[in-house]
Structure formats: C-alpha cells, structure tokens
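Per our numbering: the sequence shown ends with 442, consecutive numbering throughout. Glycine included, every Cβ here is placed at the ideal spot set by N, Cα and C. Keep in mind it's a predicted model, so treat the numbers as computed, not measured.
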Amino acid sequence: MEQHRSHNPHPSHQSRPSAYKREREDNGRNHCENKHSRPSRPQNQSGPSRGQNPLSSRSLSTRRELYEKDFPVYKQPVEVGCFSLDSERRFFNDGRQMRYYVEPDRSPNFDLRDGYKDRFIKRDDSVKEKLDHMLRWILANRSKLSSKGTASSCDLDVDFVTWRGHLTKLLTAPYETREGWLLAVTRFRGTLYISEVETEVARRDRENRTGRHKEMMYWGYKFEQYTCADSVHGRPDPGGVLNTNEAFCTVVQTRLADHRLLFSGEVDCRDKDPNAPAPACYIELKTSAEICTPKQRSNFHRFKLLKWWAQSFLPGVPRVVAGFRDDEGVVVAVETFPISKISHLIKNEHNCWKPTVCMNFCSDFLSFVKHIATEDNPSVVYLLSWEPRRDVTFSVHRDSPYCFLPHWYVEGMTSSQHSHQS
Ligand code: A3P
Ligand code: MG
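(1) Taking 5 Å as the limit, name every residue whose beta carbon sits nearer than that to some heavy atom of the ligand A3P, in sequence order.
(2) Within the continuous alpha helix (DSSP H) that includes residue 238, where are the two ends?
(3) Going straight from the alpha carbon of residue 117 to that of residue 108, what length do you get?
(4) Inspect the beta-carbon positions of residue 242 and residue 165 and report whether they are closer than 8 Å.
(5) Measure the CB-CB distance between residue 334 and residue 188 and report whether it falls below 8 Å.
(6) Considering just the uninterrupted stretch of the alpha helix (DSSP H) at residue 370, what are its terminal residues?
(7) Could you tell me which of 129, 140, 103 and 246 sits nearest to residue 310, measuring between CA atoms?
(8) Report the residue from 194, 186 and 146 whose alpha carbon sits nearest the alpha carbon of residue 81.
(9) Would you kindly report the start and end of the unbroken alpha helix (DSSP H) that includes residue 220?
(10) Cβ of residue 85 versus every heavy atom of the ligand MG: is any distance shorter than 7 Å?
(11) Which residues bound the beta strand (DSSP E) around residue 214?
(12) Taking 8 Å as the threshold (C-beta atoms), are residue 264 and residue 122 in contact?
(13) Consult DSSP for residue 361 and reduce its assignment to one of helix, strand or coil.
(14) Any heavy atom of the ligand MG inside 7 Å of the beta-carbon of residue 125?
(15) By Cβ distance, which residues of its chain are closer than 7 Å to residue 445, with the 5 residues on each side in sequence left out?
(16) What does residue 263 pair with, by DSSP beta-bridge criteria?
(17) Do you know how far the Cα of residue 152 is from the Cα of residue 103?
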C-alpha cells in the first residue's frame, strides 16, 4: 500500500514530488564498456560534468550547489523484516540479537577501555560479506516482496537493494573531503543491487591501524555494552565478553523520489516500550570526544552530526544517544539527539551541510545508476568510482572478480520464481 507521507527533516520546507523531472538527453548513448580498467582509476574518467544535467554525462558531479533544491520525497521507511547474526556470524531470519536500551546516568563514568585486552572477540573485517546476509533474507522472505500476480518485469517490486551504510556514503558525498568509494552495481531481474568494494586506500588503512586506533574502535562497542540489555527486563552486563560478530539488522522499504528502495542496516537497540513500532522504537548509540571549546563544537556539528543524521534518517531511526568521552576513554556525559532536531542544531554554523543536498545527490546518483546499468545480467558489474573533488565515473566489468551476486541467490531467485508462479 502506497504511503504518501513524506519524511522531511524540515517541517516548514515544502516537499515536492515533481521536483525530480529531468529529461534524459542521450538515453543509451553513454554505455561504456571497459573490461580492463582498474577499479580505482577507470579509464573512462571524464572531465567536469556538463551544466545542470547529470544524466546527460558519463560522470556525475558531487558539487553541493547543484543539489540545493527542494527536499525530495522520502517516504517514511517501513520495516518489512529483520535478521540476526550470531557470535559466529551465522544468519538467522529473526530478531534474536535485538537488545534493549537501559538509560544510563547523565554522567556515568563508564570506562570504555575495560575488557579490550581480555574480553573482546573482534569480527574479522578482512572477510567481505558483500550483500550476502541481505540476499539470504530476501530469499527467505520473497513472498513479502514479490509482485503478487502482477505482470511486472521487476520481480521484487523494488528498484534498489543495498546496505544502509552504502546509502549513508552517498548522502554524505557532497561534503566528504577525505575518503572516496567504489560501488559495484548489478542489474538482475529488474532490480539494481549495490555492493561496496573496498578501495586500495581503505585496505591499506585497515591493515595499518595503530594500536591506539584499534583500541578506540572498541570504545563505541563498549558503550553499547554498558547501555544495552539482552532482554526487555534485563540489565546490561559490562563484565561479559564483547563479540562484534553479533548483530541485529532491520530491513526497511521506502521510496526516494521515484526510486523504490529496500535496504538493511544494523540497529544498536530498541526502546523497552512494547508499543513503540519499528523503526520508531530504535535507538542509535554513538560515542564522541567531549566538547570543550567552540571550535570542537563547530567540528562536531559539521562532521559528526552529518554522519549521525544520515545514518539514522535513512531507516527512520528517530534518536541517537551519544556518550561523550575523555581522552582516556571515560564517558563523562550522555546526551540524546532527536534526528528531527539536528537540522536546527546546525543552523548557526556558517556554510554547513544541508539535508536537502544529501538527499538530492543520492536521488540523482540512483537515477544515474538506472541510466547506465542497463544490461540485466548477474555477471555484469558496473563499477562506480568516486574520489573527493572529482566526479563519479564508471566502468563495466563482465565475469570479473567484482561479480557479487552468488550462484545460490541467482538460482534461488529463478527457482522460487517458478514455485511462486505454479
Ligand atoms: P561509535 O559509533 O561510537 O563511533 P555504529 O555507531 O555504526 O553502530 O558503529 C559502532 C562502533 O563500531 C563505533 O562506535 C566504532 O566504535 C566502531 N566503528 C564502526 N565503524 C568504524 C570505522 N569506520 N572506524 C572506526 N570505528 C568504527
Ligand atoms: Mg552505533
């Protein structure tokens, strides 16, 4: 059932479904095959995008000015399911890893370093899971998604399947000055699948993290352990083993302009109130360095709040609970940030980020992807590549190591289609 209520961070800002009405000037002319290009430097790298029409080019600009338009329609995200990953990263088609928020004191003095040496099992982040968990969820829940009896070329009734984290990178790209990205796209049975590929720079950074950096990455998970219980009436157990393989993920459906999206994202915990429906009951937990100077406050608004807003706005998670910690990893203050208030908080920052720029860029990026990724074939990958201060460019790869739709998924979709029709 279509729900026309738009999800707009500016209640005063008119949302206009017709804002997205670009003409496709050269439909079909910009398909470029480039089997041998390296992922980080596609050979079809082109110059600056032409004028205001990103679809007329082989590249897409991330310049902020181009996206300062009316806020696009973004439907209130609806949770269509969830899944869990256990301590060994095994998939379960249920919410067994859901955790419940237990409100801490405003100044709790949590020691985030506790347990790092002796009670920490870290997920192996050299293992690239790609979209596999989401694909498993889709196969197990196809009846919830398929076009029931309608003659649709799009089996799943969605245009895009991806992780929330990939969309977060798209939302923040117009403001990102440090880290580029590579996104692999495959069109299969009418749906576009988007899966991230680790850049060479990101791989090097991951392999060369300092001891201090590794420990600080633990602090965010430790804050979760201090503030979450495993059961609705339980208490947090900060003395237990912390295992970052475990995860609870929500799967949501929504629409951005004319793009129907299905994506999943990890959720830290939920409100104990049994009546609050998902995703409105969910809470995102964060840590951040304590703010002692006006400059630090300004940086927090400009950089941290952008990431926090983008990550939670996408799945409709309404609040972030932040633990502010000192340099020794002690949480000195806890504060709640309603996502709907973040755009007001940053209003006094000169030349600050704007939610409408993030959403309009994401919408135009998805239009660009629809336009270039025309061949419906699970062994074709369109690799979209972006570096700060550059345009987004792409290359095409056939039967390459970039292929990410597994055989079990391709076969499962094909055979369950048969059983669906019979
Ligand atoms: P913080 O959020 O407090 O930084 P998430 O907030 O997305 O649920 O992630 C939970 C924690 O994972 C983070 O806590 C941080 O500790 C760690 N983490 C995730 N991605 C990271 C990254 N790219 N770099 C460093 N730490 C990361
Ligand atoms: Mg978190």
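Let's see:
(1) Every residue passing the under-5 Å Cβ criterion appears here: 237, 240, 306 and 307.
(2) 231-247 is the extent of the alpha helix (DSSP H) around residue 238.
(3) C-alpha separation (whole angstroms): 12 Å.
(4) Not a contact, by the Cβ cut-off of 8 Å.
(5) Yes, Cβ-Cβ distance for residue 334 and residue 188 is below 8 Å.
(6) Here residue 370 belongs to no alpha helix (DSSP H), and DSSP marks it neither H nor E.
(7) Comparing Cα positions, the closest option is 129.
(8) Measuring from the Cα of residue 81, the nearest candidate turns out to be 194.
(9) From DSSP, the alpha helix (DSSP H) with residue 220 extends over 220-227.
(10) Within the chosen limit of 7 Å, the ligand MG does not reach the beta carbon of residue 85 with any heavy atom.
(11) That run of the beta strand (DSSP E) goes 211-217.
(12) Cβ distance not < 8 Å, so residue 122 and residue 264 don't count as in contact.
(13) Helix at residue 361.
(14) Because no heavy atom of the ligand MG lies under 7 Å away, the Cβ of residue 125 does not count as near it: no.
(15) Residue 445 is absent from the model: the chain starts at 21 and stops at 442.
(16) Bridge partners of residue 263: 141.
(17) In a straight line, the C-alpha of residue 103 is about 12 Å away from that of residue 152.
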